[in-house]
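Count the sequence shown with our numbering and you get residues 13 to 206, in order.
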Amino acid sequence: MMKKTSFPLSEVYRLLESGPVVLVTTARAGRANIMPMSWHLMMEFEPPLVGCVISDRNYSFETLKTTKECVLNIPTVELAKTVVDCGNTSGRRTDKFKTFELTPVAAKSVKASLIAECYASLECKVRDGKLVAKYNFFILEVVQAWIDPTLKRPPTIHHQGEGEFMVAGRILHLPSKMTSLARNKNPARRPPRP
Ligand SMILES: Cc1cc2nc3c(=O)[nH]c(=O)nc-3n(C[C@H](O)[C@H](O)[C@H](O)COP(=O)(O)O)c2cc1C
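Structure, rendered in structure tokens:
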């Protein structure tokens, strides 16, 4: 049994904010930018839909709203310090690719660049912007995905708030209805959402 005590509402995000931190790249009028983001969630298998919250105070917000395109790049622990540095600066004043020595690679379907140093990159288009005005919430569709297949267990970093990160590690294999095998057997009826 867990013995629970009350937890401040202002800290709740620290319990749930555990997907991998991604570096969102955008581009407008020849200006490329990078923004770390951890408030994102999967919303659909295929086509993959990803919901994300991007503050309207960030330079990336205006760019994404205008161009409707971005790339979600997934870094591993080796880039942790760079991730934090990117989050402490704004593309309004800083060329983050140059300052943090990251390498842009041309994408296939969007103008924003992939980051060569990240193990995966997801090219995205804004599929639905209806909740942007109210919640700064963008629904993205992944239109092209890239991955380094040599990395079997990428040590992604997961923000815990207040400058703390959890590094991905242990893997457990347990029988579950959420496998691709179960999905493919009966594609018309998806397994229940977790
Ligand atoms: C680990 C980490 C996670 C972050 N997650 C988000 C997020 O989910 N949404 C957001 O709007 N800002 C997030 N930020 C803050 C932005 O990355 C930060 O404000 C950045 O400087 C904005 O850059 P820009 O002005 O060039 O767009 C995060 C920062 C860090 C370091």
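Here a beta-carbon is modelled for each residue, glycine too, at the ideal position from N, C-alpha and C.
Contact check, residue i vs residue j, beta carbons under 8 Å
| i | j | result |
| --- | --- | --- |
| A124 | T191 | no |
| V95 | P87 | yes |
| T79 | A39 | yes |
| P32 | T168 | yes |
| C130 | N70 | no |
| F109 | A44 | yes |
| S50 | E23 | no |
| S121 | I127 | no |
| I46 | L91 | no |
| H185 | M178 | no |
Cut-off 6 Å between Cβ atoms - residues of its own chain near residue i, not counting five sequence neighbours on either side
| i | result |
| --- | --- |
| S188 | none |
| K77 | none |
| L143 | F149 |
| C82 | V36, T38, L76, A124 and C136 |
Sequence-distant residues of its chain with Cβ nearer than 7 Å to residue i (five each side left out)
| i | result |
| --- | --- |
| M55 | L61, V62, G63 and I151 |
| Y25 | G173 |
| D68 | N148 |
| V89 | P167, I169 and V179 |
Simplified DSSP state of residue i, which is helix, strand or coil
| i | result |
| --- | --- |
| C98 | helix |
| R40 | strand |
| T168 | strand |
| V24 | coil |
| A132 | strand |
| V138 | strand |
| E56 | strand |
| V122 | coil |
| L91 | helix |
| E174 | coil |
| V33 | coil |
| E74 | helix |
| F109 | helix |
| A180 | coil |
Test: residue i CB closer than 8 Å to a CB of chain D
| i | result |
| --- | --- |
| G175 | No chain D is present in this structure, which holds just one protein chain. |
Beta-carbon separation (whole angstroms), residue i vs residue j, contact threshold 8 Å
| i | j | result |
| --- | --- | --- |
| V138 | P59 | V138 to P59, Cβ: 13 Å. No contact. |
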